[in-house]
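The numbering used here puts the first residue of the sequence shown at 57, with every later residue one more than the last.
Even glycine gets a Cβ: it sits at the ideal position worked out from N, Cα and C.
The model shown is predicted, which means the values in this text are computed figures rather than measured ones.
What follows is a short report on a single structure.
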Amino acid sequence: MDRIRIVGGKPLQGTIPISGAKNATLPLMIASLLTDDTLVLENVPRLADVTLLQHILSNHGVDIMVKGKRPGDEEHRGQTLHISAARIVDTAAPYELVSKMRASFWVLGPLLARMGEAKVSLPGGCAIGTRPVDLLIMALERLGAEIEIDGGYVIARAKSGLKGCEVVFPKVTVGGTHTALMAASLASGETVIENAAREPEIVDLADCLNKMGAKISGAGTSRVVIEGVSRLNGARHSVLPDRIETGTYAMAVAMTGGDVLLEGARPELLQAAIDTLGQAGAEVSSTNAGIRVTRNGGGIRPVEVTTEPHPGFPTDLQAQLMALMTRGKGTSRITETIFENRFMHVQELARLGARISLNGQDAVIEGVEKLKGAPVMATDLRASVSLVIAALAAEGETMVNRVYHLDRGFERLEDKLSRCGATVERISG
57 MDRIRIVGGK PLQGTIPISG AKNATLPLMI ASLLTDDTLV LENVPRLADV
107 TLLQHILSNH GVDIMVKGKR PGDEEHRGQT LHISAARIVD TAAPYELVSK
157 MRASFWVLGP LLARMGEAKV SLPGGCAIGT RPVDLLIMAL ERLGAEIEID
207 GGYVIARAKS GLKGCEVVFP KVTVGGTHTA LMAASLASGE TVIENAAREP
257 EIVDLADCLN KMGAKISGAG TSRVVIEGVS RLNGARHSVL PDRIETGTYA
307 MAVAMTGGDV LLEGARPELL QAAIDTLGQA GAEVSSTNAG IRVTRNGGGI
357 RPVEVTTEPH PGFPTDLQAQ LMALMTRGKG TSRITETIFE NRFMHVQELA
407 RLGARISLNG QDAVIEGVEK LKGAPVMATD LRASVSLVIA ALAAEGETMV
457 NRVYHLDRGF ERLEDKLSRC GATVERISG
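In structure tokens form, the structure reads like this:
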């Protein structure tokens with residue numbers, strides 16, 4: 057099992073290219089099930105989750121052709137996927153595949169909308185809490201699906217097709233909004249989603265579906281209207297840049313000091329995080345090439361943050377901010393309102409010398425003068441990268457174990473950091 061070895065203490069200087077967003081790529085790939093034409097996705101990141109979803113889709117009969125970099129291309133340019141679901145051979149998604157990645161459960165909506173039936177395993181446990189799928193099921197039932205749960209599988213039927221309706225989510229749900237958008241695109245009549253998630257990845261999916269011939273308006277607001285169409289076509293779409301990767305590297309620069317251009321990043325996708333970094337003492341400026349982050353000389357100032365659905369501070373940057381605040385000059389407070397169990401990185405940060413106390417949803421971080429390297433264990437994707445950020449500023453060597461979590465969401469992390477002067481290396485086996 058791979059590990060990452062980091063020797064801290066060096067400021068980051070240079071350019072880090074931002075990859076396509078994982079959280080946009082996965083629903084976009086799943087949307088290919090809605091058409092028998094080819095969907096071409098550009099700027100797709102090279103991640104373990106993307107490879108796994110390719111395998112899951114192929115189980116349904118989807119053909120995927122991967123084009124990497126052409127001669128002369130920059131090595132960090134994303135892949136291009138040509139995805140063809142011309143003939144769906146199986147409408148079932150088995151437990152052994154769905155259990156490896158929760159997002160694969162979202163195939164339920166497109167399979168049901170196009171084929172009239174689907175049988176998809178419930179996704180099972182998750183390291184950061186229950187993350188229930190009940191709101192996804194509720195949305196499909198509102199669209200006219202008959203659903204039963206048997207033997208750990210959701211069995212959905214809509215033999216005469218889905219019907220437009222009003223879907224009111226009792227709480228904001230990204231997965232539920234993705235599912236409702238895709239399913240309603242092929243429903244007969246108008247569907248209105250109230251209290252829809254507003255994340256940029258929702259907008260990216262709606263943009264792609266509209267290119268495919270869907271009629272969606274209001275994506276990015278809490279009220280989305282979908283006029284159903286009888287079929288969708290192929291399209292070509294470029295995945296938007298990853299705002300979580302952007303925020304992660306921005307916090308790494310704020311942690312170590314230095315001056316880095318996050319190439320291709322779009323500031324409007326993570327304004328709340330940029331505002332927080334400014335409060336913490338980093339300078340963040342927008343350029344034609346991306347976002348420039350600097351922290352030269354000044355210390356890290358403490359902040360108080362509550363995670364919220366977009367456009368609030370994202371839960372997917374909570375662990376990274378906590379790592380940054382371990383070196384703050386004072387007391388910081390982070391309140392996690394989205395996922396329970398999302399403070400699993402606290403014990404590992406403490407191994408590096410962090411002083412953090414937990415009280416329910418609140419984490420109180422007392423900044424320390426210095427962190428010291430130690431062996432640590434990654435527990436999930438965002439927790440693992442928070443340990444990398446802390447290690448970059450710690451004295452001596454840190455060994456991060458279980459880095460397969462990192463490979464799910466960060467493309468070539470050690471290459472990108474080492475290009476900016478960090479001492480980071482992957483140790484295989």
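When the Cα of proline 157 is compared with those of Ala104, Ala419, Ile144, Ile347, which residue comes out closest? Before going on, a small fix: residue 157 reads as methionine here, not proline. Selected option, being the one with the closest Cα: Ala104.
If you drop the 5 nearest sequence neighbours on each side, which residues of the same chain put their C-beta closer than 6 Å to that of alanine 141? Ser88, Leu89, Val118
Quick check on glutamine 374: buried or exposed, where buried means 16 or more other Cβ atoms within 10 Å of its Cβ? Burial state of glutamine 374 is buried, judged by a 10 Å Cβ sphere holding 16 or more other Cβ atoms.
Span separating the alpha-carbon of alanine 80 from that of tryptophan 162: 13 Å
Look at the alpha carbon of glycine 276 and the alpha carbon of threonine 350, and state the distance between them as a whole number of angstroms. 30 Å
So glutamine 417 and glutamate 392 are in contact, right, with Cβ under 8 Å, and what is the actual spacing, rounded? Correct: roughly 5 Å between the Cβ atoms.
Bounding residues of the beta strand (DSSP E) (the contiguous stretch that carries proline 431): 431-433
For serine 442, which residues of its own chain have a beta-carbon under 8 Å away from its beta-carbon, when the five flanking residues on both sides are left out? Ala375, Gln376, Met378, Ala379, His401, Leu405
Rounding to the nearest angstrom, what Cα-Cα distance links serine 342 and threonine 332 in this structure? 15 Å
Identity of the residues DSSP links to leucine 137 by a beta bridge: Leu97, Val122
When you compare only the Cα positions, how much space is there between arginine 383 and glycine 64? About 13 Å.
Measuring alpha carbon to alpha carbon, tell me which residue in His116, Val259, Glu246 is nearest alanine 77. Nearest neighbour of alanine 77 by Cα position, chosen from His116, Val259, Glu246, turns out to be Val259.
Could you tell me the alpha carbon to alpha carbon distance between arginine 411 and valine 248, rounded to whole angstroms? Going from the Cα of arginine 411 to the Cα of valine 248 covers about 47 Å.
Tell me the residue span of the alpha helix (DSSP H) that contains glutamate 360. No alpha helix (DSSP H) holds glutamate 360; the beta strand (DSSP E) holding it covers 360-362.
If you drop the 5 nearest sequence neighbours on each side, which residues of the same chain put their C-beta closer than 6 Å to that of arginine 458? Met433, Ala434
Please identify the residue among Met57, Pro73, Glu453 whose C-alpha is closest to the C-alpha of proline 297. Pro73
Could you please give me the residues that DSSP links to asparagine 457 through a beta bridge? Residue pairing for asparagine 457: DSSP places it in a beta bridge opposite Met433.
When DSSP builds the beta bridges, which residues end up paired with histidine 116? DSSP lists no beta-bridge partner residue for histidine 116.
Cβ of methionine 311 within 7 Å of Cβ of isoleucine 445? yes
Name the two residues that bound the continuous alpha helix (DSSP H) containing aspartate 263. Counting along the chain, aspartate 263 sits inside the alpha helix (DSSP H) bounded by residues 256-267.
As a quick exercise: from Asn115, Ala439, Gly386, Val176, pick the residue whose alpha carbon is nearest that of leucine 462. Ala439
Kindly indicate which residue of Ser413, Cys264, Val230 has the alpha-carbon position closest to the one of glutamate 250. Closest by C-alpha distance to glutamate 250, out of Ser413, Cys264, Val230, is Val230.
Hey, out of Leu199, Leu414, Gly409, whose CA is closest to aspartate 425's CA? According to the sequence as given, residue 425 is glutamate; it is not aspartate. For the residues Leu199, Leu414, Gly409, the minimum Cα distance to glutamate 425 belongs to Gly409.
Assigned secondary structure, lysine 428 (DSSP; H/G/I helix, E/B strand, else coil): DSSP places lysine 428 in strand when its eight states are reduced to three.
Residue closest to isoleucine 211, alpha-carbon to alpha-carbon, out of Ile203, Leu218, Gly217: Ile203
Just to confirm, is the Cβ distance from isoleucine 193 to alanine 447 under 7 Å? no
Assuming glycine 368 and alanine 430 are in contact, meaning their beta carbons sit under 8 Å apart, how far apart are those beta carbons, in whole angstroms? Wrong, their Cβ atoms sit about 33 Å apart, outside the cutoff.
If you reduce the DSSP assignment to three classes, tell me which class glycine 65 lands in. coil
Less than 7 Å between C-beta atoms, sequence neighbours within five positions excluded: which residues of the same chain meet that for leucine 318? Ile72, Ile74, Thr302, Tyr305, Ala306, Gly346, Ile347, Val349
Kindly indicate which residue of Arg407, Lys472, Gly423 has the alpha-carbon position closest to the one of methionine 455. Arg407
With a Cβ-Cβ cutoff of 7 Å, do threonine 136 and glutamate 98 count as a contact? yes
To the nearest angstrom, how far is it from the Cα of glycine 465 to the Cα of alanine 149? Approximately 23 Å, taken between the alpha carbons.
Around the Cβ of proline 67, are there at least 16 other Cβ atoms within 10 angstroms (buried) or fewer (exposed)? buried
List, from N- to C-terminal side, the beta strand (DSSP E) runs of 3 residues or more that fit wholly inside the region 364-411. If only uninterrupted beta strand (DSSP E) runs of at least 3 residues are considered, those enclosed by the region 364-411 are 387-391.
Cβ-Cβ separation, glutamate 364 to serine 388 (assumed contact under 8 Å), whole Å: At roughly 17 Å, the Cβ-Cβ gap does not stay under 8 Å, so serine 388 and glutamate 364 are not in contact.
For lysine 385 and glycine 423, which I take to be in contact (beta-carbon distance under 8 Å), what is that distance rounded to the nearest angstrom? Between glycine 423 and lysine 385 the Cβ distance is about 6 Å, and since that is below 8 Å, they are a contact.
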